[in-house]
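Working notes for the structure below.
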C-alpha cells in the first residue's frame, strides 16, 4: 500500500519482471481485482455493482482490466507469451543479473565499497591459495547467513567480516531459500553472478556434475527461480566485498522444498574428488511473524514467542542437531515461517556430525507499520 496526497494506492509489481511496472492503482479498485478469480462473469460483476451490464461503469472496469492484461498482470495469452519470452531470454543468458542493487545496496562500485566497509569492515588484504583438504568435509567452515535487508539490522552482519577474512576456501557452496516457487528440492544454476565489483564466477563443472549425480526427481529442470531471488545475492555481495582481492568460485543452489535424503552429500564427494576446499554458506532467516506473514495478530503480540522459539532452534543448531531442528519446526507446522528451514536441513542434514556451533549475532526486525517482524542470526560451525 502506498499513500500519497491523501489517497491510498495499491502497488503492483512482478518480481520476475514479466509484467511492466511497478504500477500504482487506486485502492478503491481492490474489490474489483478480488473478483478476477476465473469464476466471476461480467454479468455477475454488473449485478453486484448494481449497474447495467452494457453501461459505462462496466465498460470502464473492462478497459481497466484490459490495460492490466496488456501490462502483464492478468493470466491469459498475453501473460503466457510474455513469460515464455522472459524465460527464454533468462535461459540463454550466462549471467544472473542483480535484483537488489540500488534498493538494498549501492550499485556504484566506490559507494558500494564504502557501504560494505561500514557493514562488515574492509576487504581481506591479499589473495590466499588454499591447499587440498586433508580433513573430513564436516570440519570445514559452515556459516548460516541471513538475507534480511541490510538496513533492517546492520549489526547482524558485522561478525561476518572477521569470519570471512580468516577463512580460506576455493569455492563457496551457497544454499539459500527459494521464496518464489517449490518445483523441486534443489534449483542449481550455472549462471555467473555480479556485484558492483564485477562478476563472481560460478563453478559450472561442479554444478553440472552435481546435477547429474543428484536424483533427478529432486532437481529442478530450469533455473528460472533464480531470477528474482535475493537469498543468494545478499550473502554474495558481502563475500565479494571481503574477498575482493581473492580468487574463488561459487556453487549456487536454491532450496525450494525439503529433502531429508542426504542427497547433498554428493556435493562433498564432487569437491573432494577435485581437491577443492569449500566454504559452506547457508542463506536463511528465522521467524517471519505478523500480519504480512499470515498471522491474525500483529507481530508485537508475538515477539515473546518468537524469542522463545529462536532460543530453541538456535540451541539445536549450536549443538549440530539438524534432525532436532527439523523436528522442532515440523512440530508447529512451521507456524513461525522459518525460511531457513529448507536450506539448513537440505545442506546439513547428511552430516553425521557437526562441530559445535557459535551464534555470532541475532536480531529481530520489528516492522511496526506493517505489524510484522523477522528474526535472523549468524551461526558459525568450524
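Numbering (my numbering), first residue to last: 81 to 462.
Each residue gets a CB set at the ideal place from its N, CA and C atoms; glycine is no exception.
Hey, how far is the Cα of residue 300 from the Cα of residue 346? For the purposes of this step, residue 300 is taken as the residue at position 220 of the chain shown. For the purposes of this step, residue 346 is taken as the residue at position 266 of the chain shown. About 16 Å.
Using a 10 Å radius around the Cβ and a threshold of 16 neighbouring Cβ atoms, would you call residue 191 buried or exposed? Indexing the chain shown from 1 puts residue 191 at position 111. So residue 191 ends up on the exposed side.
Can you grab the Cα-Cα spacing for the pair residue 183 / residue 199, in whole Å? Translated into the one-based positions of the chain shown, residue 183 becomes position 103. Translated into the one-based positions of the chain shown, residue 199 becomes position 119. Their backbone Cα atoms lie some 16 Å apart in a straight line.
What does a CB cutoff of less than 6 Å around residue 137 pick up in its chain, not counting 5 residues either side in sequence? Position 57 of the chain shown, counted from the first residue, corresponds to residue 137. 131, listed in sequence order.
Under 8 Å, with one C-beta from each stretch per pair, do the region 250-265 and the region 327-336 reach the 3-pair mark? In the pairwise beta carbon analysis, the region 250-265 is classified as touching the region 327-336: at least three pairs are separated by under 8 Å.
Less than 8 Å between the C-beta atoms of residue 99 and residue 156, yes or no? Counting from 1 along the chain shown, the entry for residue 99 is found at position 19. Counting from 1 along the chain shown, the entry for residue 156 is found at position 76. Residue 156 sits away from residue 99, with the two beta carbons spaced by 8 Å or more.
Use the C-beta contact count for residue 275: other C-beta atoms within 10 angstroms, 16 or more gives buried, fewer gives exposed. Here residue 275 refers to the residue found at position 195 of the chain shown. Residue 275 comes out buried.
So, helix, strand or coil for residue 273, using DSSP? For the purposes of this step, residue 273 is identified with residue 193 of the chain shown, where counting begins at 1. The answer is strand: DSSP assigns residue 273 an E or B state.
Can we say the region 393-406 touches the region 286-293, given the rule of at least three CB pairs closer than 8 Å? Because the criterion of three Cβ pairs below 8 Å is not met, the region 393-406 and the region 286-293 do not touch.
In whole angstroms, what is the alpha-carbon distance linking residue 187 and residue 102? If you number the chain shown from 1, residue 187 lands on position 107. If you number the chain shown from 1, residue 102 lands on position 22. Straight-line Cα distance between these residues: approximately 20 Å.
Could you give the C-beta distance for residue 281 and residue 306, rounded to a whole number, given that I count them as a contact under 8 Å? Position 201 of the chain shown, counted from the first residue, corresponds to residue 281. Position 226 of the chain shown, counted from the first residue, corresponds to residue 306. With a Cβ gap of about 16 Å, residue 281 and residue 306 do not count as contacting.
Helix or strand or just coil, what does DSSP make of residue 84? As a position in the chain shown, residue 84 is number 4, starting the count at 1. Here residue 84 sits in strand by DSSP.
Out of 160, 173, 195, 241, point me to the one whose CA is closest to residue 271's CA. Looking up residue 271 in the chain shown gives position 191. Selection 160, 173, 195, 241 evaluated against residue 271 yields 173 as nearest (Cα-Cα).
Cα-Cα separation, residue 150 to residue 441: Residue 150 sits at position 70 when you count from the first residue of the chain shown. Residue 441 sits at position 361 when you count from the first residue of the chain shown. Rounded to whole angstroms, the separation of the alpha carbons of residue 441 and residue 150 is 47 Å.
Any idea what DSSP makes of residue 389, helix, strand or coil? By one-based count along the chain shown, residue 389 stands at place 309. Reduced to three states, the DSSP call for residue 389 is helix.
Take residue 398 and list the residues in its own chain whose beta-carbon comes closer than 8 Å to its own, dropping the five residues that flank it on each side. Within the chain shown, the letter at position 318 stands for residue 398. The beta carbon of residue 398 is closer than 8 Å to those of 436, 437, 438, 439, 459 in its chain, skipping five residues each way along the sequence.
Within the same chain, show all residues whose beta-carbon is closer than 7 Å to that of residue 243, passing over the 5 residues directly before and after it, in chain order. Within the chain shown, the letter at position 163 stands for residue 243. Excluding positions up to five away in sequence, the list reads 223, 460.
Using 8 Å as the threshold, is the region 349-363 in touch with the region 413-431, meaning 3 or more CB pairs across them? Because the criterion of three Cβ pairs below 8 Å is met, the region 349-363 and the region 413-431 touch.
Exposure label - residue 246; buried when at least 16 CB within 10 Å: Walking along the chain shown from the start, residue 246 turns up at place 166. Exposed.
Limits of the unbroken alpha helix (DSSP H) element including residue 200: Here residue 200 is taken as the residue at index 120 of the chain shown, counted from 1. In this chain, the alpha helix (DSSP H) harbouring residue 200 covers 189-200.
Please specify which runs of the beta strand (DSSP E), each continuous and at least 3 residues long, are wholly inside the region 257-338, giving them in chain order. Residue ranges of uninterrupted beta strand (DSSP E) with 3 or more members, entirely inside the region 257-338 and ordered along the chain, are 266-268, 272-275, 278-280, 329-335.
Rounded to a whole number of angstroms, what is the C-alpha to C-alpha distance between residue 91 and residue 82? Along the chain shown, read from residue 1 onward, the residue named residue 91 stands at position 11. Along the chain shown, read from residue 1 onward, the residue named residue 82 stands at position 2. Spanning the two alpha carbons is a distance of roughly 7 Å.
Using 8 Å for Cβ pairs, my map puts residue 338 next to residue 266. What's the rounded Cβ distance? The sequence position of residue 338 within the chain shown is 258, counting from 1. The sequence position of residue 266 within the chain shown is 186, counting from 1. Actually they are not in contact, since the Cβ atoms of residue 338 and residue 266 sit about 11 Å apart, beyond 8 Å.
Sub-8 Å separation of residue 452 and residue 400 beta-carbons: Residue numbering aside, residue 452 sits at position 372 when the chain shown is read from its first letter. Residue numbering aside, residue 400 sits at position 320 when the chain shown is read from its first letter. No, these two residues do not count as a Cβ contact at 8 Å.
Tell me the rounded alpha-carbon separation between residue 189 and residue 411. On the chain shown, residue 189 is found 109 positions in, with the first residue counted as 1. On the chain shown, residue 411 is found 331 positions in, with the first residue counted as 1. When rounded, the separation of the alpha-carbon atoms in residue 189 and residue 411 is 45 Å.
Distance, Cα to Cα, residue 212 vs residue 328? As a first step, residue 212 is located in the chain shown; it is residue number 132 there, counting from the start. As a first step, residue 328 is located in the chain shown; it is residue number 248 there, counting from the start. Unreliable positioning characterises residue 212 in this predicted model, as indicated by a pLDDT of 44, which lies under 50. A coordinate reading is not provided.
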